[in-house]
Amino acid sequence: MLQIPPLVKNVFDSFPLRKYGPVLNSSDQSNEDCICFGQASPNAENQFILAVNQTFEYSINDKVVLLPVDPHALACTLILCHKNKLTLPRKCIKNKDAKSANSMIKVNYHASPDKMLPMLVENNIKLQTREVRSSESIKRLIQSDNSFENDPIAKLINQMLDTELYDLWILCLLTELLPNHDNEKLRRLFYLDDSPLSNDYTAKLITRSIYNVIPCWNNFQVRYSELFHESLGDKFSWKELSELLNVESPFSRELRTSFSGLYSELLANFKRKIPLIYKYTSSQELTKSKSIVALKFYSFVIIVDQFAAGTNLSKSLEGPIRETLIKDAYEAIQKYA
Amino acid sequence: MISPSSSLASTCNMLDLHIWGNGVEISEISPESLACAWILLLTVKQTREDVRIVTSCNTNLSSSGKLPILIETKADGTRERYEGFQRISEYLISSAVDVPQSTDFSLVSLKDSGDPEMELAAYSLEAYIQNNLYYINKHNLYMNSKNYEKYTRKLFGKYYPFPMMYNQPLWFYNQAQLETKTVHLASKKTGFLPQSLTTGNPQTEYFNDDLSDYETEKDEVALSSLHERQILNKSKKKEALEESKNSLRCLHLLGVQIDQILQVYSSVGSTQDNLILPLFSRQLSSSEEANTHRRVITTTEILLFAYIDCLCSPRLPDRFIWRFLNAKCPLFLKEATEVSEKLNALLLEDTSLFRAPNGGEVPSLYNEIKYKLGFLSYS
Numbered sequence: 001m002l003q004i005p006p007l008v009k010n011v012f013d014s015f016p017l018r019k020y021g022p023v024l025n026s027s028d029q030s031n032e033d034c035i036c037f038g039q040a041s042p043n044a045e046n047q048f049i050l051a052v053n054q055t056f057e058y059s060i061n062d063k064v065v066l067l068p069v070d071p072h073a074l075a076c077t078l079i080l081c082h083k084n085k086l087t088l089p090r091k092c093i094k095n096k097d098a099k100s101a102n103s104m105i106k107v108n109y110h111a112s113p114d115k116m117l118p119m120l121v122e123n124n125i126k127l128q129t130r131e132v133r134s135s136e137s138i139k140r141l142i143q144s145d146n147s148f149e150n151d152p153i154a155k156l157i158n159q160m161l162d163t164e165l166y167d168l169w170i171l172c173l174l175t176e177l178l179p180n181h182d183n184e185k186l187r188r189l190f191y192l193d194d195s196p197l198s199n200d201y202t203a204k205l206i207t208r209s210i211y212n213v214i215p216c217w218n219n220f221q222v223r224y225s226e227l228f229h230e231s232l233g234d235k236f237s238w239k240e241l242s243e244l245l246n247v248e249s250p251f252s253r254e255l256r257t258s259f260s261g262l263y264s265e266l267l268a269n270f271k272r273k274i275p276l277i278y279k280y281t282s283s284q285e286l287t288k289s290k291s292i293v294a295l296k297f298y299s300f301v302i303i304v305d306q307f308a309a310g311t312n313l314s315k316s317l318e319g320p321i322r323e324t325l326i327k328d329a330y331e332a333i334q335k336y337a
Numbered sequence: 001m002i003s004p005s006s007s008l009a010s011t012c013n014m015l016d017l018h019i020w021g022n023g024v025e026i027s028e029i030s031p032e033s034l035a036c037a038w039i040l041l042l043t044v045k046q047t048r049e050d051v052r053i054v055t056s057c058n059t060n061l062s063s064s065g066k067l068p069i070l071i072e073t074k075a076d077g078t079r080e081r082y083e084g085f086q087r088i089s090e091y092l093i094s095s096a097v098d099v100p101q102s103t104d105f106s107l108v109s110l111k112d113s114g115d116p117e118m119e120l121a122a123y124s125l126e127a128y129i130q131n132n133l134y135y136i137n138k139h140n141l142y143m144n145s146k147n148y149e150k151y152t153r154k155l156f157g158k159y160y161p162f163p164m165m166y167n168q169p170l171w172f173y174n175q176a177q178l179e180t181k182t183v184h185l186a187s188k189k190t191g192f193l194p195q196s197l198t199t200g201n202p203q204t205e206y207f208n209d210d211l212s213d214y215e216t217e218k219d220e221v222a223l224s225s226l227h228e229r230q231i232l233n234k235s236k237k238k239e240a241l242e243e244s245k246n247s248l249r250c251l252h253l254l255g256v257q258i259d260q261i262l263q264v265y266s267s268v269g270s271t272q273d274n275l276i277l278p279l280f281s282r283q284l285s286s287s288e289e290a291n292t293h294r295r296v297i298t299t300t301e302i303l304l305f306a307y308i309d310c311l312c313s314p315r316l317p318d319r320f321i322w323r324f325l326n327a328k329c330p331l332f333l334k335e336a337t338e339v340s341e342k343l344n345a346l347l348l349e350d351t352s353l354f355r356a357p358n359g360g361e362v363p364s365l366y367n368e369i370k371y372k373l374g375f376l377s378y379s
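Protein sequence lines, in the order shown, are assigned to chains A and B.
Going by the working numbering, the first residue of the first sequence is number 1, and it counts up by one from there.
Going by the working numbering, the first residue of the second sequence is number 1, and it counts up by one from there.
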């Protein structure tokens, strides 16, 4: 038998052959404070997860519910509650509340293939299938599912709200809510890691990437491509050179002025429509499709009231009906508490 | 700072509607321009002298980069600007009081109807047209290579002075490509020149890019001139196939949209015995005497007919949309064509209504450079 040289044997013997303890399943820990929709009778066959940007706490009759921070995600939450007879999502501990199958999670927008949130993940437990719906497909599903076919006017209004409210929200974010380097505000609106925000430089990078992603939402950049038409002038305008060196937002000054031009144009249009939409949605008999339109409008009003205080968007709501409109909007969501 | 039309500011309250077009011809590339011109014709043109339609094609004039734009120059030289179809139409209607009833049309505003639901429906329909038929128009003018190469591209030569007409059609083409992609209407590869410029991949010949089917042809070199012709023919065929696929998709999309619009027509009580009546006519019949023979028309309908007119323009070499609509909804198309023909004839009755751009309004290279350097301001 071959003798192993002692040197080699020593090396191999001293090599640490240690057994490591089992790694704890970390997914259990993250689920500890998940956000779940309340449900009267659990439906075991289907469950969904709604992925949103960020949530905020809102208390209705001493119950604290968590609501998404952007209008279309909130509308989506309300419509899900409305259709499936659920109550608004609350923080809960998974092991305790075993019956809450449907949940909402906060994710970064990078999680979505088209960088747009909300996303809806539908699990069918029986068939063991999972379907991920993008924002676009959620929009289409809502439209095809709520007897809009019988009411062409409601369908038109729904389609109009889908684009116009989204555009207004995007423009409000780009021109008014984000440009102030306010990390606190950024954190309220987006689900971000804390560590990069503590550093000024990385915080700027993050702001920049958010700036770049927002125009992709709802094809905004393609639809208003005239605004993004980057020309030589954006780079070599002598008058703006000094300002360029001291840049505060990644868009050029020209772009920002045209943003605000479009913004004020859309606001002027929207201002005229508010009383009309309000009258339409607050009429006595709400049909199936009308109530969807109403939920979309109310969730927009709530988000504007919560996050856009002092902006032009919030000012556009001003008028004789403001008080009752906001009251009605909050009352509409109280039904789902 | 040079003001583009400072010489004109002395006359009181000039109204200039800047649109896409050339001379007295309003361009198909912007149905909103046509719609605004029609509304202007039915409103302030009837009461005021100092109204002009300027076929300037200068998008720098508007802050949103889009035409049409209505500029009102007041007596003291200040300017009020109205951009986009909604704001222009609203301003024109509100500023037109006591329009003499001489034309065949009476333009009515739904705001007087006192029905908030109908008013909202009208706004929504306008938004629907601008968000949906818009893409069909883009496909028709740019993605349909027959129309683009034989018609649309040449139009820009008329609209822009040398050398501005080289860049613009390419930009519009690329734009249309991106836009039609969002409604799943664009193929991976269409046309040959503009695409090659954007990808930075110079390509002067048609070539076979569908490698999955013919993998052996990947490195195929033409062995003879005959062989080369064969390869070229094959790839041309493929391109035609791809394009007709997109055209069919486009027609399907248009069909769905027209169906929805006709549904709105019938739901607001406008179809009777297979007759297309003016949109929202029931809501408005009380305000209009029944025995006048003038056609009641709303701004929403004007926008819709302007789009239909541009889609079915007889100047286009490939009128596949016209053929489709003619087969699908002949009554609606007939109504739309009749109305738009009448309106177009009215527009051309008085050619002094049109004026060519002057001074800083001309989209020339000199003005563009001045604008970019900040020596020329339109606001």
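For each residue, glycine too, the CB sits at the ideal point set by N, CA and C.
A Cβ of chain B is located within less than 8 Å of the beta carbon of residue 160 of chain A.
A buried status is given to residue 86 of chain B, since no fewer than 16 other beta-carbon atoms sit within 10 Å of its beta-carbon.
Taking the C-beta atoms as reference points, residue 51 of chain B is found nearer than 8 Å to residue 40 of chain B. Using a CB distance cut-off of 8 Å, residue 164 of chain A counts as an interface residue toward chain B.
Distances from the CA of residue 275 of chain A to each of B/120, B/104, B/25 were compared; the closest alpha carbon is that of B/120. The segment 26-94 of chain B contains, as complete alpha helix (DSSP H) runs of 4+ residues, the segments 31-42, 44-47 (chain order).
Taking 8 Å as the upper bound for CB-CB distance, residue 163 of chain B and residue 365 of chain B are in contact here, some 6 Å apart. The C-alpha of residue 135 of chain A lies about 18 Å from the C-alpha of residue 82 of chain A. Not flagged as an interface residue toward chain A: residue 158 of chain B, since no C-beta distance is shorter than 8 Å.
Residue 116 of chain A carries a coil assignment under DSSP once its states are collapsed to helix, strand and coil. For residue 140 of chain B, no chain A residue has a Cβ inside 7 Å of its Cβ, as the nearest lies near 18 Å away. In the displayed model, residue 262 of chain A falls within a helix according to three-state DSSP. Around residue 289 of chain A, the same chain offers 146, 147, 148, 151, 154 as residues with beta carbons nearer than 6 Å, after the five sequence neighbours per side are excluded. Under DSSP, residue 92 of chain A shares a beta bridge with A/34. Residues of chain B with a Cβ closer than 7 Å to the Cβ of residue 152 of chain A are, in chain order, 260, 263, 264, 267.
Annotation for residue 58 of chain A: the continuous beta strand (DSSP E) segment containing it runs 55-60. In chain order, 171, 174, 175, 227, 251 place their CB closer than 8 Å to the CB of residue 259 of chain A, counting only its own chain and leaving out the 5 sequence neighbours on each side.
Identification of residues in the segment 268-288 of chain A having a C-beta nearer than 7 Å to some C-beta of chain B yields 268, 269, 273, 276, 277, 279, 280, given in sequence order. For residue 223 of chain A, there is no enclosing beta strand (DSSP E); the enclosing alpha helix (DSSP H) covers residues 220-223.
One thing to note: residue 301 of chain A has its Cβ no nearer than 8 Å to the Cβ of residue 313 of chain A. Restricting attention to A/2, A/295, A/106, the CA atom closest to the CA of residue 187 of chain A is found in A/106. Under a 10 Å Cβ-count criterion, residue 154 of chain B is classified as exposed, with fewer than 16 other Cβ atoms of the shown protein chains found around its own Cβ.
Put simply, the segment 345-354 of chain B touches the segment 21-29 of chain B. At least three CB pairs are less than 8 Å apart. Collapsing the DSSP output to three states places residue 75 of chain A in a helix. By the criterion of a C-beta distance shorter than 7 Å, residue 162 of chain A is surrounded in its chain by 139, once the five residues flanking it on both sides are discounted. By the Cβ neighbour-count rule, residue 297 of chain B is buried, with 16 or more other Cβ atoms within 10 Å of its own. Secondary-structure assignment with DSSP links residue 87 of chain A through a beta bridge to A/38. Within the same chain, and ignoring the five residues on either side of residue 267 of chain A in sequence, the residues whose Cβ sits closer than 8 Å to its Cβ are 168, 312, 313, 316. The beta carbon of residue 333 of chain B sits closer than 6 Å to the beta carbons of 325, 326 from its chain, once the five residues preceding and following it are set aside; these are given in chain order. Chain B has a Cβ within less than 8 Å of the Cβ of residue 219 of chain A. The three-state reading of DSSP puts residue 24 of chain B in coil, since its state is none of H, G, I, E or B.
Taking residue 218 of chain A as the centre and dropping the five residues before and after it, the same chain places the C-beta of 166 closer than 6 Å to its C-beta, in chain order. Under the three-state reduction of DSSP, residue 47 of chain A is assigned to strand. Within chain A, the residues whose beta carbon sits less than 7 Å from that of residue 182 of chain B are 219, 222, listed in sequence order. Counting only runs of at least 3 residues, the segment 95-173 of chain A fully encloses the following beta strand (DSSP E) elements, listed from N- to C-terminal order: 103-106, 119-124, 129-133. Residues of the segment 59-73 of chain B that bring their beta carbon within less than 9 Å of a beta carbon in chain A comprise 59, 62, 63, 64, 65, 66, in sequence order.
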